[in-house]
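Taken in order, these protein sequences are the chains called A and B.
If you're matching positions, the first sequence starts at 14 in the numbering used here and goes up one per residue.
If you're matching positions, the second sequence starts at 237 in the numbering used here and goes up one per residue.
Even glycine gets a Cβ: it sits at the ideal position worked out from N, Cα and C.
Owing to the predicted nature of the structure, the values given are computational and were not obtained by experimental measurement.
Worksheet: one structure, shown below.
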Amino acid sequence: MEALMPGIARWLHVIFGITWIGLLYYFNLVQMAGLKDAGADGTAAGITKHIAPRALFYFRWAAVGTWLAGAWLLGAGFVDAFLLRNGMEGIGIGAWLGTIMLFNVWHFIWPNQKKILGLVPATDEVKAKARRVAMLASRTNMMLSIPMLFFMANGLSHRAALGL
Amino acid sequence: MKNPLESVAGTIISGLILTVVLVFFLKNFLA
């Protein structure tokens, strides 16, 4: 049974990770541009009321699930990964990038999205600022996802790209 | 200069550059 655990952890890490990063790419590639156009023809409410809150729910909790499953998968190597030592340097960079992204989700994206979507009271001025911060935090996470996924794929096994 | 994160293309290019920088960092200073 113990031998099964790393495979189960990896499986969960991938399922949660696809949900998280898939929704991150949806926000950046589809929803941002779609909302701009929808705002112009007065149909944005359908997205902000019915789509965005659901997408954000799965997005932020999948981020937590991904991190926890990743921590489980690292197991005894968790400390070495985060201290970038003992052969865990590559996967450790991926783990740090994923951790920064999780922080961005809960500290910048979700609190500002709550203001934008009217889930908490906010003036128009506060909403405009929240829109800018949430957009840049989301774009930052999309940018970080590129090296993060590279180091997840190449950091611990399949390390030829790192010359290891 | 325009913030590269304003556009999807700028975001992807920034991510690719950061990947190269981090691989260089790992190969030369960590591994």
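| Item | Value |
| --- | --- |
| Proximity test, Cβ basis, 8 Å: residue 238(B) and chain A | no |
| Closer than 8 Å to chain B by CB, residue 104(A) | no |
| Straight-line Cα distance separating residue 25(A) from residue 154(A) | 21 Å |
| Delimiting residues of the alpha helix (DSSP H) encompassing residue 26(A) | 18-39 |
| Other residues of its chain near residue 57(A): CB distance less than 8 Å, five sequence neighbours each side excluded | 48 and 51 |
| Partner residues on chain B for residue 41(A), Cβ-Cβ distance less than 8 Å | 244 and 247 |
| Within 8 Å, strictly: CB atoms of residue 38(A) and residue 68(A) | no |
| Residues of the region 91-122 of chain A with Cβ closer than 7 Å to any Cβ of chain B, in chain order | 97, 102, 103 and 106 |
| Backbone secondary structure at residue 133(A) - three-state DSSP | coil |
| Residue 117(A) versus residue 125(A): straight-line alpha-carbon distance, rounded | 11 Å |
| Where the alpha helix (DSSP H) containing residue 93(A) begins and where it ends | 91-95 |
| When 115(A), 65(A) and 60(A) are compared against residue 84(A), the one with the closest alpha-carbon | 115(A) |
| 8 Å Cβ cutoff, residue 60(A) in contact with chain B | no |
| Neighbour list for residue 158(A) in chain B, Cβ cutoff strictly below 8 Å | 251 |
| Contact set between residue 153(A) and chain B, taken where Cβ atoms lie within less than 7 Å | 241 |
| Rounded C-alpha distance that separates residue 239(B) from residue 147(A) | 15 Å |
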